[in-house]
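Okay, so the sequence shown: first residue is 589 according to my numbering, each after it adds one.
Glycine is no exception: its CB is placed at the ideal position from the N, C-alpha and C atoms.
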Amino acid sequence: MCFVDSHIHLSDSVYDEYLMLIIGIINNLKIRVYSVSEDLGSSVKNLSIKKKHFVNTDSFKAFVGIHPQYASVKLSESFSDFFISNKESIDGIGEIGIDPTYTINNVSNTVEVQKTVFNQMLSIAEKNNKPVSIHSRRSLKEVLDTLTSYRLNRVVFHWYDGNKSLLKKINELGYYVSFGPYLLYSENKRTLLSESDLSLLLLETDGPVSYRHCFNNVITSPVFIISLINYVSIILKKNFNDLSEMIFRNSVEFLNAK
Ligand SMILES: [Zn+2]
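Here it is in structure tokens:
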């Protein structure tokens, strides 16, 4: 058993100077990380971190993909070539999705372009049987409609921010939902956590996003996941070890093809 941070961006440049420290934390505290990407550059970097520092261990899982913020049809062509030549070492596709926030004052990034890229990412995941990490801010319904046309069951809605009825629908479809450190200060998110299907629950830090409340904006480390599990164990009235074990099992099932 180990702790699992199911969504963190370790290829982000914020981590460059702390990378060896973070690798030490991952190895010594037995934390497994699912490190996601946003574009071709971060996908390449993510894979190279895995190949360089985690050769004989299962602690670093590399997710590659194009985030809606960087959606571009041209980029998605070179992404396909990259995927094909590296597919054996790629553990999942993410962070991908739709987010209208990024289309404001940006003529080249439209919801249509995001949808095209998102569909392409989902096709790659379906064809190669890879799990998917989803960004669905302000687009939950749209993302759900798109997803149901693919044969994908290992899907996680990262940083879940929707309502209770959509949460229920997501869980009924067998998709996972992941919550982060905002649980410590958001009553609304704690309610959602209590309503979610615990067999489809994952936890994440989403570093390098930093947290003003409780964590005082310090650099987000995978070690936060241990505090988060402790806090979730209090909310759900579960024993810390039992909950850690459950989150570990869920994370392994999400990652591995049956
Ligand atoms: Zn993220």
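Secondary-structure assignment with DSSP links L790 through a beta bridge to S766. Of the residues T793, T736, N818, the one whose Cα lies closest to the Cα of Y770 is T793. Per DSSP, reduced to three states, the secondary structure at A659 is coil, with no helix or strand assignment. Nearest to D687 by C-alpha distance, out of S677, A650, V699, is V699.
Secondary-structure assignment with DSSP links F651 through a beta bridge to G680. If the five residues before and after K718 are omitted, its C-beta is found closer than 6 Å to the C-beta atoms of G680, I681, all from its own chain and listed in chain order.
Judged by their CB atoms, F648 and S623 are nearer to each other than the 9 Å cut-off. The beta carbons of K638 and S677 sit about 7 Å from each other, so the pair counts as a contact at 8 Å.
Taking 8 Å as the upper bound for CB-CB distance, S625 and V602 are not in contact here, some 14 Å apart. Taking C-beta separations shorter than 8 Å and ignoring five residues to either side along the sequence, the partners of Q657 in its chain run E626, D687, Y690, N697, following chain order. In this structure the segment 751-764 does not lie against the segment 802-816, because fewer than three pairs of beta carbons, one per stretch, are closer than 8 Å. Q702 and S839 have their C-alpha atoms roughly 27 Å apart.
In this structure, the beta-carbon distance from H641 to G768 does not fall below 9 Å.
Assignment of R725 by DSSP, reduced to helix, strand and coil, places it in the coil class. Counting only runs of at least 4 residues, the segment 803-843 fully encloses the following alpha helix (DSSP H) elements, listed from N- to C-terminal order: 812-823, 828-843. In its chain, beyond the 5 residues on either side, D687, P688, T689 have a beta carbon closer than 8 Å to the beta carbon of R726.
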